[in-house]
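The next block holds one structure in the form of structure tokens; read it before the comments.
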Amino acid sequence: MAKNNSNLEPNRNHVPTETNSSSLKGTLIFTMSIGLFIVLSWSAIFFLFLNRM
Amino acid sequence: MHLHRYEKIWLTFGIGSLVIFLTVLGVSAFAFGQQPPSHMAKVDPQNVRDAAPFDEPGLRQINETTYQANIIAMAFTYQPNKIEVPVGSTVRFHVTSSDVVHSFTIPNTNVNFMVTPGHINMAEHTFTEAGSYLVLCNEYCGTGHHYMQMTIEVVE
Amino acid sequence: MRNSALKVEDYNSNIGTTVAPKDAKLSMAHIYIAFSAFLVGAIAGLLQGLVRGGMIELPNWLGYYQILTAHGVLLALVFTTYFIFAFLFAGMSRTHGAFSDRLRKLGWTGFTVLTIGTLLAAILIILNEASVLYTFYAPLTAHPLYYVGLTLFVVGSWISGATLLGHYFGWKKAHKGERTPLFGYMTVATIVLWIIACLGVAVLVLLQMIPWAFGLTDEINVLLSRTLFWYFGHPLVYFWLLPAYIAWYVSIPKIIGGKLFSDSLARMAFVLFLLFSIPVGFHHQLMESGISEMWKFIQTVLTFVVIVPSLMTAFSIFGTFEQTGRAKGGTGILYWLHKLPWKDVRFFAPFMGMIIFIPAGAGGIINASFQMNAVIHNTLWVVGHFHLTVGSTVLLTFFGISYWLIPHLTGRKFTPFLNRLGMVQTWLWAIGMFFMSGAMHLIGLLGAPRRTAYTTYQNHPDALVWFEGIFTNYVTIAIGGVILFVAAVMMFYNFIYMTWLAPKGDTEFPISEPAEDASETPKVFENWKLWIGIAIVLILFAYTIPIYDMIVNAPPGSPTFDFLIK
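Chains as they are written, first to last, in my numbering: chain A, 56 to 108; chain H, 236 to 391; chain W, 7 to 572.
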């Protein structure tokens, strides 16, 4: 389909699918920081719960 | 199906955290008795005042430091709507509803449970500091819901 | 409706690139109602924020709980459901070809029934006969016709759902042995989830509430009614979330110029949602009597299982971003992020939704944490929580979808002007939500109740703190609400612009190519009988004994209480 704006045009280049570890380092860091955030916020509320017993 | 090595690491960490959360919750609930309020006693919601303990709502002393508070929640108040206990007391709240669903909630404590008609719910709290404690209803119960409150006076 | 440039011949020859014009009409009919409901719901939300902050008082003829009911029903039920069906109808036409005339007719029937139900419910809310909030907990009682309206709403959604299922299985029959397109697969998971979930609310409304509200029965089993509601209520939130996930998995990779990370993992996530998002309703009833600790804990464990597919989604989506960024020449550990189209609202709005899903999901885990629920149950924290999940993650994704879906359907162009409007809208929404939801979370921890009109509890000190904090203040909530309202009005303008004002032309409906591993996706994923069977077994396991107990050992029931809401 015709595009109106070249900035917004999806890139149709072939995406290599090699799955060597280096190519997903950022993803690992990102997901692990989500995990850390979950553990910290859960612990904070758990200690609030214990405090209020 | 193929899992990337990093995805395995992430899922192990993520699922591991969930397992730890559940273990902590389960042990503190089932081994140390910190259960969510799940009282099983029942009552006729249209005649709550016909039988004990709600025929005489109010505070009853059980031993030196323990009290039982029998409270009826109704639109839009609690009966009684004020109780007084000495500091250091443990109060066991037994609450039921004579009409719709309410809650019995003391902000800044873990006393925060639903009061459904037909059921009695309960929780226990030890008041270690003197002061006036607000009790409010945090389940919508009608046009006057935001007026529904009582106080617990904890005195020296 | 459709630009004349697309000829009727394109209808069949162009399967897989556009939405067929007749299907576009059906989809747009849903969009009109969705955005009308959105505007009215947003006005109600603004008023609530200002009332609770003590800044305005409502006129006598308008109740706080009336607008609260309107806000919940219009945004959480009407906007979401209509938008979801608009998106799924269009997407199924785009990926599986035009609907047959017979099926399309069924789709219009679904739309009509849905809309009659919506109008009936809306009229009763306007008349102040149904200020029972969108959860309509018994024994508060609305006008009996309100429940009829809700029934029609559900029936309509089932007819629409059947239309989508019919289209998918028709395709499958015509393409024996082929892997179904991911969009259709995810649509089926979503609709099957919805139909199974609605069984609970159907039993609740048809067997319990309608006979009771019309006076055919004297009493209602309150605990059973709440349990049936939450059997439905939790998968309801996944019914909102899954279409957003569809866009993340199927459309976003195309928008950023890449390809989905993994086909099989995507399908597995949706299967897990179907299996585990239903037998978990007790985590909304953790604080109530009459359900034993053991059954509450069992459903808590099942709730935690349904977190896993969202963990998988986080990896899949970010992995897609990283692979795409690297394919475009990005390097380093995180430097490839620069290669993503940050200035394209079609990417940025859903991306903002994804980021907001991190605190939203963390909050959700806290909420479901058994006895810990006492800290936050029915406080403003919960309101803050679902304004992040459905109010930000889902809505920002739906807005992101709108920017290509609506112009695609109306035969107009997605212009740089619209893109700029969208970027500003997204930022305003996120900033408004930061203030509103952030303050709600914290005031909730201080005990402020949800669903409660302005009150200082006779100036009790424990309540006055909610009005005195620097950030933890009802005024912060109101400020956030005002910003959100401005963003909502902008979004409504964007809808008007995309529907009637934008220049004519074509806008792509982005669908990613199948992932590289798609050919290896195990066949078992397509075995719907198996997944539905397991879902039913899990539901029976989690609910049979407690529900049996609720019925057999029920206390005397409750009469109607309709006078309390007027």
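In this text, a Cβ means the ideal position worked out from N, Cα and C, and glycines have one as well.
Here residue 267 of chain W carries a coil assignment [DSSP, helix/strand/coil]. Apart from sequence neighbours up to five positions away, the residues of its chain that approach residue 240 of chain W with a beta-carbon distance below 6 Å are 286, 287, ordered along the chain.
With a threshold of 16 other beta carbon atoms within 10 Å, residue 54 of chain W meets it and is buried. The alpha carbon of residue 273 of chain H has as its nearest neighbour, out of W:284, W:294, W:351, W:473, the alpha carbon of W:294. With a contact defined as Cβ atoms closer than 8 Å, residue 260 of chain H and residue 378 of chain W qualify at about 7 Å.
Here residue 439 of chain W is buried: its Cβ has 16 or more other Cβ atoms, across all protein chains shown, within 10 Å. In the three-state reduction of the DSSP assignment, residue 362 of chain H falls in the coil class, being assigned neither a helical nor a strand state. None of the residues of the region 155 to 186 of chain W has a beta carbon lying less than 9 Å from any beta carbon of chain H. Rounded to whole angstroms, the gap between the alpha carbons of residue 264 of chain H and residue 314 of chain H is 31 Å. Around the Cβ of residue 529 of chain W, a 10 Å sphere holds fewer than 16 other Cβ atoms; the residue is exposed. With a threshold of 16 other beta carbon atoms within 10 Å, residue 194 of chain W meets it and is buried. H:310 is the residue among H:325, H:310, H:388 whose C-alpha sits nearest the C-alpha of residue 334 of chain H.
Partner residues in a beta bridge of residue 374 of chain H, as assigned by DSSP, do not exist.
The Cβ atoms of residue 150 of chain W and residue 216 of chain W lie closer than 8 Å to each other.
Around the Cβ of residue 547 of chain W, a 10 Å sphere holds fewer than 16 other Cβ atoms; the residue is exposed. In the structure shown, residue 352 of chain H falls within a coil segment according to DSSP collapsed to helix, strand and coil. Taking the Cβ atoms as the reference, residue 35 of chain W lies roughly 6 Å from residue 117 of chain W, within the contact range of under 8 Å. Looking at the DSSP output, residue 296 of chain H shares a beta bridge with H:302. Residue contact with chain A for residue 320 of chain W: present (Cβ-Cβ distance below 8 Å to some residue of chain A). For residue 490 of chain W, the three-state secondary structure derived from DSSP is helix.
At a cut-off of 8 Å, the C-beta of residue 105 of chain W has no neighbouring C-beta in chain A. Residue environment analysis places residue 284 of chain H among the exposed positions, since fewer than 16 neighbouring C-beta atoms fall within 10 angstroms of its C-beta. With at least 16 other beta carbons inside 10 angstroms of its own, residue 514 of chain W counts as buried. Per DSSP, the unbroken beta strand (DSSP E) holding residue 327 of chain H starts and ends at 325 to 332. Where residue 464 of chain W is concerned, there is no enclosing alpha helix (DSSP H), because DSSP gives it neither an H nor an E. In the DSSP secondary-structure assignment, residue 319 of chain H is bridged to H:388. Taking a Cβ-Cβ cut-off of 7 Å, the neighbours of residue 93 of chain A in chain H comprise 252, given in sequence order. Residues of the region 321 to 352 of chain H with a C-beta less than 7 Å from any C-beta of chain A: 343, 344, 345, listed in chain order.
Burial check for residue 387 of chain W: the Cβ neighbour count within 10 Å reaches 16 or more, so the residue is buried. Under the three-state reduction of DSSP output, residue 319 of chain W falls in the helix class. Between residue 518 of chain W and residue 248 of chain W a beta carbon distance of about 17 Å is seen, past the 8 Å cut, so the two are scored as non-contacting. By DSSP's assignment, residue 308 of chain H forms a beta bridge with H:313, H:332. Bounds of any beta strand (DSSP E) do not take in residue 104 of chain A; it lies within the alpha helix (DSSP H) bounded by 80 to 106.
In this structure the region 476 to 484 of chain W touches the region 443 to 463 of chain W; the number of beta carbon pairs closer than 8 Å is three or more. The C-alpha of residue 534 of chain W lies about 35 Å from the C-alpha of residue 126 of chain W.
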